[in-house]
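Enquirer:
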DNA sequence: GACAAAATAGGACGATTGACCTAATTATTG
DNA sequence: CAATAATTAGGTCAATCGTCCTATTTTGTC
């Protein structure tokens, strides 16, 4: 069965919201890109907020699916965390062009004072909880959530600057640094005298 | 002498672009906020791009001025770098509400495929060069620019997440971590065996 | 095949957008 | 004081926005 019109609309809107931003993408943009009329469009989504809801839910579902895959494919928590870090490289080209889909949407909605901002932040929460779980399994205990937030923030910063400067070398370099940081964290586990443990 | 109308427009536009975003801010918004007519507005700025230019130039000037002040007030390069890190706390409330002025503008313009994106990135360059110079003075040599970019990225990530989660505790915690990182970097200067030196 | 429901197309709406224009007012200058 | 330039106000324009509406076509069901 071919994808339903509703699904095609959400898929297209997802892409356009990412590439152009939510506000800058109009009904007509999406309808034209999907190849349907605006009337048909409105039959599936009553308001623009409805489409945004659909897009966010789609991203939530896709993200959960990706995290589940990493959970299965990764042999140990550290390898799984490295999977997370390496999306920066896997999606490097898109990130350099359009930034991080999660961070840029969250920022835009925050500025628009949009009610869906908290839903968009839910995408961050998905990564945060998943990363936290991995750190807990590594034995970081109470520090796990801080470590998760730390690495989440690092990724965001790398995405922002890689986008601003369109700099691939920086992106690759910082991914290495983040992996080194992870190794140092694990090496200092249970060794409070290690200065690198201060890194959260 | 009272601020000229042109200056008041730029000042207001600067604030509105930060709080609402560039695209979401209309001529009417700015004119109303300044308290002038749209006609008067158009006399000073022919197009919306003109205002954006004005705002970016204003930010460039203000940033240079701030960096100069840090240069004077800081007793040593490390203290100056800490001044940079601490803007996250000084501007914490605004950042939690609207994100980083530099990063969010750069991201938005990138998505809009706006020609002024490179000018906005110039704001990053200002910080980058200034930070690089501080690291050079500390004796980091060739690594200085990488370190500057690293800490610039870290700040961006902290701003993005503090905004997304409206989390002040995270912001304060990460500022501490960044300062610890700086100390570790300086401690490992000229000691290649130190693992923390890997942190770039 | 008849009939109801879902899907699609396309027009129309009021509002707002960036942009432009002219007229009136104010400031400046010779 | 006269003349010129700069400033300000407010109206107008076409285009586009999100939204809504009514037809027409397609699909599904008995």
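Chains as they are written, first to last, in our numbering: chain H, 1 to 200; chain Z, 1001 to 1200. Note that beta-carbon positions come from the ideal geometry of N, C-alpha and C, so glycine has one too. Just so it is clear, the structure is predicted and the values come from calculations on it, not from any experiment.
Only counting the same chain, and skipping five residues up and downstream in sequence, which positions put a Cβ closer than 8 Å to that of residue 1001 of chain Z?
Expert: Only weak support is given to the placement of residue 1001 of chain Z: the predicted model assigns it a pLDDT of 38, under 50, and the question is left unresolved by the model.
Enquirer: Measure the C-alpha to C-alpha separation of residue 1167 of chain Z and residue 1117 of chain Z and round it to an integer number of angstroms.
Expert: The C-alpha of residue 1117 of chain Z is placed about 29 Å away from the C-alpha of residue 1167 of chain Z.
Enquirer: Going by DSSP in three states, residue 953 of chain Z sits in which element: helix, strand or coil?
Expert: No answer is possible for residue 953 of chain Z: it lies beyond the span of chain Z, which begins at 1001 and ends at 1200.
Enquirer: Mind listing the chain H neighbours of residue 1107 of chain Z? Cutoff is C-beta to C-beta under 7 Å, in chain order.
Expert: 99, 104, 107, 160 and 163
Enquirer: Out of Z:1076, Z:1049, Z:1006 and Z:1093, point me to the one whose CA is closest to residue 1025 of chain Z's CA.
Expert: Z:1049
Enquirer: Between residue 226 of chain H and residue 1107 of chain Z, which are expected to be in contact by the criterion C-beta below 8 Å, what is the C-beta distance as a whole number of angstroms?
Expert: Because chain H is modelled from 1 through 200, residue 226 of chain H falls outside the range shown and cannot be assessed.
Enquirer: Terminal residues of the continuous alpha helix (DSSP H) containing residue 122 of chain H?
Expert: 117–138
Enquirer: Buried or exposed: residue 164 of chain H, going by 16 or more other Cβ atoms within 10 Å of its Cβ?
Expert: buried
Enquirer: Using a C-beta to C-beta distance shorter than 8 Å, which residues of chain Z count as neighbours of residue 155 of chain H?
Expert: 1157
Enquirer: Just the chain Z side, please: which residues come within less than 8 Å of residue 21 of chain H by C-beta, in chain order?
Expert: 1023, 1108, 1111 and 1112
Enquirer: If residue 1150 of chain Z sits next to residue 102 of chain H, beta carbons under 8 Å apart, how far is it from one beta carbon to the other, in whole angstroms?
Expert: With a Cβ gap of about 21 Å, residue 1150 of chain Z and residue 102 of chain H do not count as contacting.
Enquirer: Could you tell me whether the Cβ of residue 124 of chain H comes closer than 7 Å to any Cβ of chain Z?
Expert: Judged by the 7 Å Cβ criterion, residue 124 of chain H is in contact with chain Z.
Enquirer: Give the secondary structure of residue 1114 of chain Z by DSSP, where H, G and I count as helix, E and B as strand, and everything else as coil.
Expert: coil
Enquirer: Mind checking the region 1136–1147 of chain Z against chain H and listing, in chain order, the residues whose C-beta falls within less than 7 Å of any C-beta there?
Expert: 1146
Enquirer: Closest to residue 1080 of chain Z by CA distance: which of Z:1190, Z:1189 and Z:1179 is it?
Expert: Nearest option by C-alpha distance: Z:1179.
Enquirer: By the DSSP assignment, the alpha helix (DSSP H) with residue 1160 of chain Z in it spans what residues?
Expert: 1144–1165
Enquirer: By the 10 Å Cβ neighbour count, where 16 or more other Cβ atoms means buried, how is residue 1201 of chain Z classified, buried or exposed?
Expert: Here chain Z comprises residues numbered 1001 to 1200, so residue 1201 of chain Z is not present and cannot be evaluated.
Enquirer: Quick test of your reading: residue 92 of chain H and residue 160 of chain H, contact by CB under 8 Å. State the CB separation rounded to the nearest angstrom.
Expert: In fact, because the Cβ distance is near 14 Å, the residues do not count as touching under 8 Å.
Enquirer: Report yes or no: do three or more beta-carbon pairs, one from the region 1032–1042 of chain Z and one from the region 123–140 of chain H, lie closer than 8 Å?
Expert: As far as the Cβ criterion goes, the region 1032–1042 of chain Z does not touch the region 123–140 of chain H, which means the pair count is below three.
Enquirer: Less than 8 Å between C-beta atoms, sequence neighbours within five positions excluded: which residues of the same chain meet that for residue 1095 of chain Z?
Expert: 1088, 1159, 1162, 1163 and 1171
Enquirer: Quick check: the Cα distance between residue 7 of chain H and residue 31 of chain H, rounded to an integer number of angstroms?
Expert: One C-alpha to the other measures close to 13 Å.
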